[in-house]
Amino acid sequence: MSVLVVVVALVVAVATYLTWLALRLDRLAARVADARGGLVAQLVARAAAAGDLAERCALDDLAASARRARAVYPPLLAGAALDGGVELVENALSRSLRSAEVAAAGQRFPAELHAVDSGAARVALARQFHNDAVRDLRALSGRRLIRVLHLSGRRPAPGYFEIDDALPVRDDAAAAHGEPFDHGEPFDHGDRPGLAS
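Position 196 (the sequence shown) corresponds to 196 in the UniProt record's numbering; numbering is contiguous.
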C-alpha cells in the first residue's frame with residue numbers, strides 16, 4: 001500500500017509540474033503577443049510623426065521613408081510577422097530621422113521634431129520589451145523536457161526584431177524653443193518577468 005501511495009504522489013507531482021510548465025509557456029506566449037502589439041503601435045506612431053515633419057518641412061527623403069514604412073503596417077496590424085522586410089524599411093526610416101536635413105528642419109519646427117524624437121525613443125523601448133519577451137519564451141521552449149513532450153505544441157518560435165533604433169543626437173535647439181526632450185508619457189507594458197529558469 002505504501003508503494004502505491006508513493007507512485008500516486010510521484011504521478012501527481014509530475015503532472016503538476018508539467019501543467020505548470022504548460023501554463024508558463026502560455027503566459028510567455030501571451031506576453032510576446034502583447035509586446036508585439038505594443039511594438040507595432042509604436043512603429044506606426046513613429047512613422048506618423050515622421051510623415052508630419054516631412055510634410056511640414058518638405059523633406060522628400062523622409063517622406064519617402066515614412067511612406068514605405070506605413071505601407072507595411074496593414075499586414076502587421078492583421079498579425080503578419082515582423083520579418084526582414086519590415087526591418088529594412090524601419091532601418092531606412094531610422095537613418096532618415098538622423099539626417100542633417102531633419103535636424104536642420106527641427107530648428108524651425110521644434111515641436112514636430114520633439115514628436116519624432118519621442119516616437120523614436122518609444123520604439124527603442126518597445127523593441128526591448130518585445131525582444132526580452134521573445135528571449136524568455138525561447139529559453140523555456142528550448143528545454144529538453146518541453147521539446148520531448150511537445151508542450152509547446154506547434155507554436156512557432158518567435159523571432160527577435162532587430163533594427164537600428166539608435167536615437168538621433170540633437171543639440172539644445174529644442175530646449176531653447178521651450179520643448180525639452182523627453183520620452184513622452186510613461187510606456188506601460190505590464191510586468192516584465194525575468195528570464196525563465
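Note that CB positions come from ideal geometry on N, CA and C, so glycine has one too.
query, result
"So Ala133 and Ala35 are supposed to be a Cβ contact under 8 Å. How far apart are they, rounded?", "4 Å"
"Kindly indicate which residue of Arg95, Ser118 and Glu90 has the alpha-carbon position closest to the one of Glu162.", "Glu90"
"Do three or more CB pairs link the stretch 11-26 to the stretch 47-65 at distances below 8 Å?", "no"
"If you run the structure through DSSP and keep just helix, strand and coil, what is Ala13?", "helix"
"With burial defined as no fewer than 16 other Cβ atoms inside 10 Å of the residue's Cβ, what is the status of Leu77: buried or exposed?", "exposed"
"Considering Gly106, what are the terminal residues of the alpha helix (DSSP H) in which it resides?", "Ala100 to Arg108"
"Compute the Euclidean distance between the alpha carbons of Ala173 and Leu97, then round it to the nearest angstrom.", "Legend: pLDDT at Ala173 = 48, less than 50; position of this residue unreliable, value from coordinates given subsequently. Roughly 16 Å separates the two Cα atoms."
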